[in-house]
Every structure is written in structure tokens, then in C-alpha cells.
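J.:
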Amino acid sequence: MQARPEALGIFGGTFDPPHHGHLIVASHVREALNLDRIMFVPAAVPPHKRDRQISRGDMRLAMVEAAVQGDPYCVASSIELNRGGVSYTVDTIRTLRKEMPSTQLTVLIGMDNLLDFENWKEPEAILREASVVVMTRPGYAPGLDDLSVLRQMHLCEVPHIDIAGKEIRRRVSEGMSIRYLVPEAVERYIREHGLYR
């Protein structure tokens, strides 16, 4: 009997820093959709955050690697950092298609991304070359009836974890604890490298 192709979830973001919210929703989607692995992809230059200073790419990648260490279902990828420049999902999908042609690719996006999806680079190509899953908050679906693009996507309700990178960075800058917000290995990396001070 022929084994089914690997089902890979692609979870892109700034991950500055990666936190428990990222890990919990990714794990939830993986189980809900029976994906084999989730690939966390730190952006080199996020298209929607070009006006904000972000931590160096190698540091964000190291934090993601620390966050997923020991989890057989999660992997960190430097694909967008290696490519450099502004990180576009469609370019990442095309690179992965060449590297792993038989793998089923599923892109994970949040509700905030969905509302702006039609302004992404080549959104039609993304929908053509990969499945797109929208992670929704419980009971949170404003204006979805008006989004025709949603007919080509899948909705997956995930737990609402109210943790934000901005709040973590603020807490670090003010000398407050971030225990329980990020994995211990990420907290240690932030401390040892003096990030967000």
C-alpha cells in the first residue's frame, strides 16, 4: 500500500518572540486537520511590518528553534531568511513545491490576515498551489459572509490565547516577568542576548 503524501502546515510570522499562543494554536490545527508537521517560518522582512524595527532574523530563528525543540511535530525553517528581502507567502510555497513536490502544503493564517488576504502578493496563486486554513477565535467571525475568497479556504476554530509579542517585548523592557508566556528556552535566550531591553 502506498503511503499518503506528507501533510505539512506552514505557519509564517515575525515570531519576535515566539510564544505559547503560537505553539498552542499550531498544535490545535495540526491535530484538527491531521497534519503531519507544522513548519514555523520566521519572515525576513514581513510585508505588513516594514515600518517597525524587528529583531535580527537569526535571533528570531534561534528562538523558534528553541521553542519547538523536542516536539516531533514542529520544525523551524530558515527558508524566508535565506531568501532575504520582503517575505511573500507565494514565494515560500513555490520554493517548497520545488523542494518537496509530493507534499501537501497547508498555509495557516489568522483572522487578521484573512481580512487583508486579497491584498497579498498573488493571492490566487496561493489558493491554487496550497490549502489555506483560517484560524478563527471561538465565536469571532465578523463580516465573513462578505468575503468570497473564504469559499476557497477552510475555517478551523482555535483556542483564543491572549498573548501578544508586543506585550512580551514591553514586559521585558520594563523588567517584568514573561514566565508562562514563552517557553523557558525562549525566555533564557531573550535574557542571555539582552533582547527587548
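As numbered in the numbering used here, the sequence shown has no gaps in its residue numbers, which increase by one up to the final residue, 270. For every residue, glycine included, the Cβ atom is placed at its ideal position computed from N, Cα and C. Values in this document were obtained by computation on a predicted structure and should not be read as measured data.
Could you give the DSSP three-state label for LEU228: helix, strand or coil?
T.: Walking along the sequence shown from the start, residue 228 turns up at place 155. Strand.
J.: Nearest-angstrom Cα distance between GLN177 and ARG170?
T.: Here residue 177 is taken as the residue at index 104 of the sequence shown, counted from 1. Here residue 170 is taken as the residue at index 97 of the sequence shown, counted from 1. Approximately 9 angstroms between the Cα atoms of the pair.
J.: Identify the continuous beta strand (DSSP E) that holds VAL207 and give its terminal residues.
T.: Sequence index remark: in the sequence shown, residue 207 carries index 134 (1-based). Element bounds for VAL207: 204-209.
J.: Can you tell me whether LEU268 is buried or exposed? The criterion is at least 16 other CB atoms within 10 Å of its CB, across all chains shown.
T.: As a first step, residue 268 is located in the sequence shown; it is residue number 195 there, counting from the start. So LEU268 ends up on the buried side.
J.: Under the three-state reduction of DSSP, which class applies to LEU169: helix, strand or coil?
T.: Residue 169 sits at position 96 when you count from the first residue of the sequence shown. If DSSP states are grouped into helix, strand and coil, LEU169 belongs with the helices.
J.: Quick one, which of GLU257, LEU154, VAL180 has its alpha-carbon nearest GLU64's?
T.: Past the boundaries of the shown model lies residue 64; the chain is included only from 74 to 270, so the question cannot be answered.
J.: Given this structure, state the Cα-to-Cα distance separating GLU79 from ARG110, to the nearest angstrom.
T.: Along the sequence shown, read from residue 1 onward, the residue named residue 79 stands at position 6. Along the sequence shown, read from residue 1 onward, the residue named residue 110 stands at position 37. Whole-angstrom Cα-Cα distance: 8 angstroms.
J.: Find the nearest neighbour of GLY183 within the set CYS229, SER204, TYR146, judged by alpha-carbon distance.
T.: Residue numbering aside, residue 183 sits at position 110 when the sequence shown is read from its first letter. Here the closest residue by C-alpha is CYS229.
J.: Pairs of beta-carbons, one from the segment 130-139 and one from the segment 86-95, closer than 8 angstroms: are there three or more?
T.: The segment 130-139 is in contact with the segment 86-95.
J.: What does a CB cutoff of less than 8 angstroms around PRO232 pick up in its chain, not counting 5 residues either side in sequence?
T.: Position 159 of the sequence shown, counting from 1, holds the residue named residue 232. These residues qualify, in order along the chain: ILE97, VAL98, HIS101, PRO211.
J.: Between the C-alpha atoms of GLY158 and LYS194, what's the straight-line distance to the nearest angstrom?
T.: Against the sequence shown, residue 158 aligns to sequence position 85. Against the sequence shown, residue 194 aligns to sequence position 121. One C-alpha to the other measures close to 14 angstroms.
J.: Looking only at DSSP bridge pairs, what is VAL163 linked to?
T.: Here residue 163 corresponds to residue number 90 of the sequence shown, with the count starting at 1. In the DSSP output, where bridge partners are listed per residue, VAL163 has none listed.
J.: Rounded to the nearest angstrom, what separates LYS122 and GLY85 at their Cα positions?
T.: Position 49 of the sequence shown, counted from the first residue, corresponds to residue 122. Position 12 of the sequence shown, counted from the first residue, corresponds to residue 85. The straight-line gap from Cα to Cα measures roughly 13 angstroms.
J.: How many angstroms separate the CA atom of ALA116 from the CA atom of ALA76?
T.: To locate residue 116, count along the sequence shown from 1; it is residue 43. To locate residue 76, count along the sequence shown from 1; it is residue 3. Distance between the alpha carbons of ALA116 and ALA76: 32 angstroms.
J.: Assign LEU181 to one of three DSSP states: helix, strand, or coil.
T.: For this step, residue 181 is matched to residue 108 along the sequence shown. Looking at LEU181 - three-state DSSP - the assignment turns out to be strand.
J.: Between which two residues does the alpha helix (DSSP H) containing GLY94 stretch?
T.: Against the sequence shown, residue 94 aligns to sequence position 21. It spans 93-106 - the alpha helix (DSSP H) in which GLY94 sits, taken as one unbroken run.
J.: For HIS227, is the classification buried or exposed, using 16 other Cβ atoms within 10 angstroms of its Cβ as the cut-off for buried?
T.: Here residue 227 corresponds to residue number 154 of the sequence shown, with the count starting at 1. By the 10 Å Cβ count, HIS227 comes out exposed.
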